[in-house]
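Residue numbers (full-length UniProt numbering): 1 to 305.
Glycine included, C-beta positions come from ideal geometry on N, C-alpha and C.
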Ligand SMILES: Nc1ncnc2c1ncn2[C@@H]1O[C@H](COP(=O)(O)OP(=O)(O)OP(=O)(O)O)[C@@H](O)[C@H]1O
Ligand SMILES: [Mg+2]
């Protein structure tokens with residue numbers, strides 16, 4: 001594993017356990033929760049992010065995934081429990097404060113300007129300039145060169161950085177956003193459902209760059225509905241259900257089958273089957289059994305008899 005160029009830039013040091021957080025962890029939530037008025041969206045959730053590891057957060061709609069990352073990214077504050085960065089307790093009031101600690105979030109509706117070239121979007125809001133005021137102007141050559149180098153460093157090859165970013169595929173745009181976060185010094189990269197709207201091939205490309213970010217020593221929080229995607233790159237898995245942590249396990253403790261079962265929720269499938277039984281024209285007896293529904297599509301290797 002290569003170490004990150006950026007660790008140290010933000011003063012990353014081995015955490016002092018006396019301060020309370022886990023030693024070596026970039027981000028740690030301990031029994032954290034969040035209530036919106038009297039709606040309790042999240043309760044008793046613990047999560048740790050280590051450098052060079054991918055932590056996957058899975059869960060159905062409304063499970064609390066976005067609420068969780070909003071706490072870490074500084075958009076919302078936790079109302080219970082503890083939150084540590086580099087072992088020190090924190091409470092962010094703005095996303096800027098999280099960013100200053102090296103916590104970058106790539107949202108699904110990427111904040112890009114579709115008609116502007118790729119390199120321009122790469123530097124959006126943090127443009128390079130040259131010359132002194134009043135003659136200061138954009139350093140276009142340097143921005144183009146740097147964007148090109150950084151994308152190549154992540155293994156992202158685009159034919160032409162002059163093309164409007166809107167002409168790239170959704171997967172490619174996600175990749176540019178990941179490379180951008182890495183370049184601007186992210187130590188923790190949060191990805192909110194980056195593969196949700198993508199087909200199989202493009203999802204594969206995004207998963208590849210998640211792995212590339214990990215290789216560069218970043219701690220990644222990967223939010224997804226898809227246990228297959230999670231299992232391809234994840235080192236640790238946390239499944240949320242109705243705002244609480246239903247499962248938290250490292251890769252050696254959980255199989256893809258178990259993860260899929262947790263996500264599919266056998267009892268919920270039974271309820272769904274019951275509802276379908278009330279719809280005319282659906283022959284419930286001919287629907288697959290629960291265990292068939294929750295089984296992975298094609299498990300390579302050993303099959304169950
Ligand atoms: N600003 C808010 N005010 C009140 N309730 C909220 C707010 N944001 C989220 N909630 C509630 O908190 C719960 C968790 O929502 P959250 O958006 O975190 O789920 P999610 O796992 O991200 O779901 P999805 O997969 O649909 O994005 C839901 O019941 C939701 O209605
Ligand atoms: Mg969400």
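Does residue 236 come out as helix, strand or coil in the three-state DSSP assignment?
For residue 236, the secondary structure class from DSSP, reduced to helix, strand or coil, is strand.
Test item, CB below 6 Å from any non-hydrogen atom of ligand 2
Chain-ordered list of matching residues: 65, 66.
Straight-line gap, residue 7 to residue 279 (C-alpha atoms, nearest Å)
For residue 7, the predicted structure reports a pLDDT of 41, less than 50, and the residue's modelled location is therefore unreliable. The matter cannot be settled from this model.
Tell me residue 49's beta-bridge partners as DSSP assigns them.
DSSP, once it has assigned bridges, lists 27 as partnering residue 49.
Is it the case that the Cβ atoms of residue 154 and residue 119 are separated by a distance below 8 Å?
Here residue 154 is not near residue 119, since their CB atoms are 8 Å or more apart.
For residue 88, write down the residues that DSSP places opposite it in a beta bridge.
Partner residues in the beta bridge of residue 88, as assigned by DSSP, are 85.
Assigned secondary structure, residue 180 (DSSP; H/G/I helix, E/B strand, else coil):
In this structure, residue 180 counts as helix in the three-state DSSP scheme.
Residue 75 (DSSP reduced to helix, strand or coil):
For residue 75, the secondary structure class from DSSP, reduced to helix, strand or coil, is coil.
When you compare each of 28, 64, 130 to residue 139 by their alpha carbons, which one comes out closest?
Residue 139 has its Cα closest to that of 130, out of 28, 64, 130.
Leaving out the 5 sequence neighbours to the left and right, which residues in its chain are closer than 8 Å to residue 303 when beta-carbon positions are compared?
Annotation note: pLDDT 41 at residue 303 (below 50); position unreliable, no value reported.
Considering only their Cβ atoms, is the gap separating residue 185 from residue 102 smaller than 8 Å?
Yes.
If you measure from the CB of residue 32, is any heavy atom of ligand 1 nearer than 7 Å?
Because no heavy atom of ligand 1 lies under 7 Å away, the Cβ of residue 32 does not count as near it: no.
Hey, how far is the Cα of residue 306 from the Cα of residue 170?
Lying before the first or after the last residue shown, residue 306 is absent from the chain, which here runs from 1 to 305.
Bridge partners of residue 212, per DSSP?
Its beta-bridge partners do not exist; DSSP assigns none.
Taking 8 Å as the threshold, find out whether the segment 38-57 comes into contact with the segment 68-75 through three or more Cβ pairs.
A contact exists between the segment 38-57 and the segment 68-75.
Buried versus exposed, by CB contacts within 10 Å (16 or more), residue 62:
Counting of Cβ neighbours within 10 angstroms places residue 62 among the exposed residues, the total staying below 16.
Any non-hydrogen atom of ligand 1 closer than 7 Å to residue 36 Cβ:
With a threshold of 7 Å, the Cβ atom of residue 36 counts as near ligand 1, since some heavy atom of the ligand is closer than that.
Which of the three DSSP states, helix, strand or coil, is assigned to residue 246?
In this structure, residue 246 counts as strand in the three-state DSSP scheme.
Could you give the DSSP three-state label for residue 32: helix, strand or coil?
Note: residue 32 maps to strand in three-state DSSP.
Taking just the CA atoms, how far does residue 179 sit from residue 172?
Their backbone Cα atoms lie some 11 Å apart in a straight line.
Once you ignore the five residues that flank residue 246 on each side, which residues in its own chain have a CB closer than 6 Å to its CB?
Taken in chain order, the residues that qualify are 239.
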